[in-house]
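Number of protein chains: 2
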Amino acid sequence: MSRSQSSPLGLSGRVSRPDRPGAGRLATGQPTKLDRWLAGQLAQRFDASRVHFTLWDEPEAPANGGRPVTLRIGDRGALYQLITHPEMNFGDLYSSGRVAVDGDLRTVLDEAYRQARQNTRPARVLARLRARSPDLSDSRRNIHHHYDIGNEFYRLWLDREALQYTCAYYADASMTLEQAQLAKMHHVCRKLRLAPGEQVVEAGSGWGGFALFMARNYGVKVRSFNISREQIAWSREWAKARQLDGQVEFVEDDYRNLSGRYDAFVSVGMLEHVGHGNYRQLGALIKRTLRPDGRGLVHSIGRDQPEPLNPWIARRIFPGAYPPTLREMLEIFEPNGLSVLDVENLRLHYARTLEHWLERYEENVDAVRSMFDSDFVRAWRFYLSGSNRAFVHGSMQLFQVLFSHSGTNTIPRTRAHLYSSGG
Amino acid sequence: MSRSQSSPLGLSGRVSRPDRPGAGRLATGQPTKLDRWLAGQLAQRFDASRVHFTLWDEPEAPANGGRPVTLRIGDRGALYQLITHPEMNFGDLYSSGRVAVDGDLRTVLDEAYRQARQNTRPARVLARLRARSPDLSDSRRNIHHHYDIGNEFYRLWLDREALQYTCAYYADASMTLEQAQLAKMHHVCRKLRLAPGEQVVEAGSGWGGFALFMARNYGVKVRSFNISREQIAWSREWAKARQLDGQVEFVEDDYRNLSGRYDAFVSVGMLEHVGHGNYRQLGALIKRTLRPDGRGLVHSIGRDQPEPLNPWIARRIFPGAYPPTLREMLEIFEPNGLSVLDVENLRLHYARTLEHWLERYEENVDAVRSMFDSDFVRAWRFYLSGSNRAFVHGSMQLFQVLFSHSGTNTIPRTRAHLYSSGG
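First to last, the protein sequences are chains A and B. Read in order, the letters of the first sequence are residues 0 to 422 in numbering that gives the first Met the number 0. Read in order, the letters of the second sequence are residues 0 to 422 in numbering that gives the first Met the number 0.
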C-alpha cells in the first residue's frame, strides 16, 4: 500500500504555498545583517547550551552529533515564518524540511514550553471565542481527515493487542505498551463495575478493540458508535474473526443518533472531537440512555485552563478538536442531573504512552516512508513528539470522569476494588 | 453548664413570633372545613401508608406506635405555614413542637424528597442569585453562630478521638465512628503524601483534631487558621495536653490573612462557609502559599446542581453557608494555574457519618436537655436527620479534590498507594 503521492494531511505542495503572501520560500542569498539579527532574537529565547541555531549558509549536517541540538533554518522565508507565528508555522516548516533538527526534537519543544510559561494569558482568553463546535457534517469531515488515513499506518505503532489510540494505564511503571493498554481497559471496566449480561453503549469505538475487550473479558453486550468508515469496516472484520459479532454491534453513525437504554455508557477519546458547545446535549443523551442504576465514564484529553489546541495540530492533524478543562467537561453532567463520582487525572500516563508510540514509530519509519511522503513522516514525528511534551509539561491533561444518575445508591462506597489484585 | 434560657439558635420565643404577620399561632378552635381541605392537600402529596396527618382536635399521642409515622399539626397557624413555605417553616414548627412527629422523622423527610424530585428547577435557577458571598465580618458572625455554641455540646455526639465535625471515611462498612474518622484523616494525609518535616497549612481547623493528628502521625509541622474563638481556645489546650504545641500553631484569623509557603494546603469542611464569590481569591491565595512541589486538598459538601441551602438550615443552623457544585469548586483551581489530580465523591460516607452522629445525639439527649431548651433539642434532631436524608437521596454530595500546581511532575502516577495496606 503506497500513498506517497497523496499526503492525507494535505501537506505536499501546500507547505511551499503558505497562506500569507510573501511568507513562502524566498529566493535565498547569503544571510543579511537583518537575517542574522532576527535569528539572534529567536536564539536568545532558547538556552544556548541546549539548542543551537544555524542559517542556510552553514552545512546541512553539523559535526556536533546533536549536542547541543541544532536547529537549522533552511531559507529566509522559513526564518520570517518562525519569527511571526512559530506555533502555527514550525510544524509545516519542520514537516517540509525547511527547518531541520539535528538531535532530539523534544529538546527544542521543551525549550519552547519554558518560554511559553512566561506569557500565555491572551491565548487563553481567546480560546473560547475561537472554539466553534462542530456540527454533524463537520464531524464527519474532521474524523475522516484523521482516522481514515489508513488502518495499516496506525497498526505500525499502536499496541498489537487492541489498537488503542488513547492513553494507556501504567499500573506498574515497567509495563509494555500492550500491558498498559490492557491495564487501561481493565481500569475502565472496573470503574464501571461491568457485570456479565449487561448492555454497554460506546460512543467513539476506534478500531473496536475496547468493545471486543469488554465483550470477551466482562461478558457484556456492546453497541459501539463511530463515524469513521475505515474504522467501522475494520472493527466488523475483527469482531467476526474473534467470533464476537453476536455480542458486539458496530454502528456507523454519530453518537448524536444513539438510542436504546443501557447499563453503562463509555466513551474513551471521543470527547475531544465533540466540541464544547455540544456537551450539554451529549449529557442529555447520556441521561436518556442510562438505566436508573447505570454507570458512565468519559475519558478525554483536557486542560487545566481553557486554551486553543496548538494551531498547527488543529489545522494539520485534528481539525475541529478541542481539549476541554474539567470545568468545561462538567457541563455534560451538571445540567443533566448526573452525579460525578470519581475523577482521575492520568496526564503522566499519556506522556508515557506517547513515548512508546514514538519509539515504535521510529522503529517502523521505513514502512511509513513506503506509504507516505517525507513531509508526512516528519509531520507525524513532530505531532507525536509535541504531544508527548504537552503531557510532560502539563499543557495537556487526561481526565477519566465516572458518573451515575443523581441519587443512585448502588455505587461502590470506596475505590479500593480498583486496586485489589483479586479483580 | 446550662444554657436553657438562651437558645443559641435564637429559636426560643422567635418561633411564636414568625416573620410574616398573621402566620403565627392562631387562636385554635375546632378545625374548619377549610382546615381539613388544606390538610388533605398536604397529605395527598405523601404516601398514606408511610405518613399519616392529624390535626389539633385529635389526641397528642396516637395509638399506632409510629406505623405509619404520624405528623400532628398542632394549630391553624402551623397548618398555614406548612402549606405556604414548608422548606422554611417545617424546621421551626418541628423545633417548637407545634408540629410533632410520632415515629421516625426521617420517614417524613424521605417522603418530602420523593415529592421534591418532581419539581425543583425554579429553586435551582434562583440559587445563584440568592447566594451572596460573605465578607470577613459576615464570616466571623456566621461562624460564631454555629461553632461557638459550646464545645461541650459537640463533644456529646462527635467522635471521641479527634472531634471531627466533617464526613468520616468508612474504608470498611463495619467501622465505628471513631475508626472512620481516623480512616478519613489517614485517607487525606495519604492523598497529600505528607512526609516528616514538611510544613502544612490548614484553613478551618475545627477543634484542632486533624492538625494534631497530622503532626503526631505524619511528623509534619502544621499552621492552622480558624475564626471561631471557642474552637481556637480548645485547640490550643489540646495541643499542650498532647505536647504537640511545638509542632502545631493555631492562629485565630481568617484564611484570607494566611501567609507563608507550605508543602501542603488542606481544608476539610471550610469551603461551605467561604461563599462562591470568594473561590477565585481563595485559589489565588493557595497558589501563592504552595511550594512548587506542593499538594493541596479541599474537602467540602457539594451539590450535583446549583441549589440554595435549605432555607431553614441557612437561617437557623448555618447562616452564610453554600454547598457548591464541583463545577463551582473548580473556580478555585482553573483560573489560578492549579491542576486537579483526583476527585472523590464520598456522599454515602456522609450519610453514614450522620447516622452515627444522630445515634449518639439520641443517646445523649438528656445531657443536651440540661444545656439547652427543648426547641434546641428538636431543632438539632431535625438538622441531623435532614442532613442524613440529603446525603442518602443525593441532594448533597461530599467532594475531596486533590490538586497541585500545573505541570508539577512529582505526583504519584496511580492512586494504588491509597489502598495498599502498608500505608
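Just so it is clear, CB atoms sit at the ideal spot from N, CA and C, and this is done for glycine as well.
The three-state secondary structure of residue 391 (chain A), taken from DSSP, is helix.
Around the Cβ of residue 304 (chain B), a 10 Å sphere holds 16 or more other Cβ atoms; the residue is buried.
Nearest in C-alpha terms to residue 388 (chain B), of all of B:36, B:37, B:115, B:55, is B:115.
For the 8 Å CB-CB criterion, residue 178 (chain B) and residue 208 (chain B) do not form a contact. Less than 8 Å divides the Cβ of residue 37 (chain B) from the Cβ of residue 78 (chain B). Annotation: residue 241 (chain A) to residue 351 (chain A) spans about 29 Å, alpha carbon to alpha carbon.
Put simply, the backbone Cα of residue 341 (chain B) is about 14 Å away from that of residue 298 (chain A). When the beta-carbon positions are compared, residue 219 (chain B) and residue 201 (chain B) stay at least 8 Å from each other. Listed along chain B are 392, 393, each with a C-beta nearer than 7 Å to that of residue 406 (chain A). The three-state secondary structure of residue 275 (chain B), taken from DSSP, is helix. By the rule that beta-carbons nearer than 8 Å mark a contact, residue 347 (chain B) touches chain A.
Within chain A, the residues placing a beta-carbon under 8 Å from that of residue 324 (chain B) are 329, 333, ordered along the chain.
Looking at the backbone, the Cα of residue 187 (chain B) and that of residue 157 (chain B) are separated by about 19 Å. Identification of residues in the stretch 169 to 192 of chain A having a C-beta nearer than 7 Å to some C-beta of chain B yields 169, 170, 172, given in sequence order.
In this structure, the beta-carbon distance from residue 151 (chain A) to residue 311 (chain A) does not fall below 8 Å.
Per the Cβ contact rule, the stretch 318 to 327 of chain B is not in contact with the stretch 89 to 104 of chain B (fewer than 3 Cβ pairs under 8 Å).
Inter-residue distance for residue 223 (chain B) and residue 339 (chain B) is about 23 Å (C-alpha atoms, whole angstroms). Close CB contacts of residue 231 (chain B) within its chain, under the 6 Å cut and outside five residues either way in sequence, are with 225, 249, 251 (chain order). The stretch 252 to 261 of chain B makes contact with the stretch 279 to 294 of chain B; the number of CB pairs closer than 8 Å reaches 3 or more.
Residue 83 (chain B) is classed as exposed because its beta carbon has fewer than 16 other beta carbons within 10 Å across all chains shown. In chain order, 158, 355 place their CB closer than 6 Å to the CB of residue 176 (chain B), counting only its own chain and leaving out the 5 sequence neighbours on each side. Boundaries of the alpha helix (DSSP H) around residue 177 (chain A): 176 to 191. One thing to note: residue 363 (chain A) has its Cβ no nearer than 8 Å to the Cβ of residue 397 (chain A).
For residue 81 (chain B), same chain residues with a beta-carbon under 8 Å away, outside a window of 5 residues either side, are 41, 72, 88, 89, 92, 98 in chain order. Listed along chain A, the residues sitting closer than 9 Å to residue 338 (chain B) by beta-carbon distance are 303, 344, 346, 393, 396.
In the DSSP annotation of this structure, residue 165 (chain B) is not part of any beta strand (DSSP E), being labelled neither H nor E. For residue 148 (chain A), the three-state secondary structure derived from DSSP is coil. Taking all protein chains shown into account, residue 409 (chain A) has fewer than 16 neighbouring C-beta atoms within 10 Å of its C-beta and is therefore exposed.
Taking a Cβ-Cβ cut-off of 8 Å, the neighbours of residue 415 (chain A) in chain B comprise 170, 418, given in sequence order. Using a Cβ-Cβ cut-off of 8 Å, residue 412 (chain B) counts as an interface residue toward chain A, since at least one Cβ of chain A sits closer than that to its own. With respect to the C-alpha of residue 276 (chain B), the residue from B:321, B:262, B:217, B:294 having the closest C-alpha is B:321.
Each of B:336, B:238, B:51, B:294 was checked against the Cα of residue 191 (chain B), and the nearest Cα belongs to B:294. Counting along the chain, residue 294 (chain A) sits inside no alpha helix (DSSP H); it lies in the beta strand (DSSP E) bounded by residues 289 to 301.
The alpha-carbon of residue 154 (chain A) is positioned some 15 Å away from that of residue 371 (chain A). For residue 344 (chain B), the uninterrupted beta strand (DSSP E) segment begins and ends at 337 to 344. Taking each of A:415, A:420, A:227 in turn and checking the Cα distance to residue 170 (chain B), the smallest one comes out for A:415.
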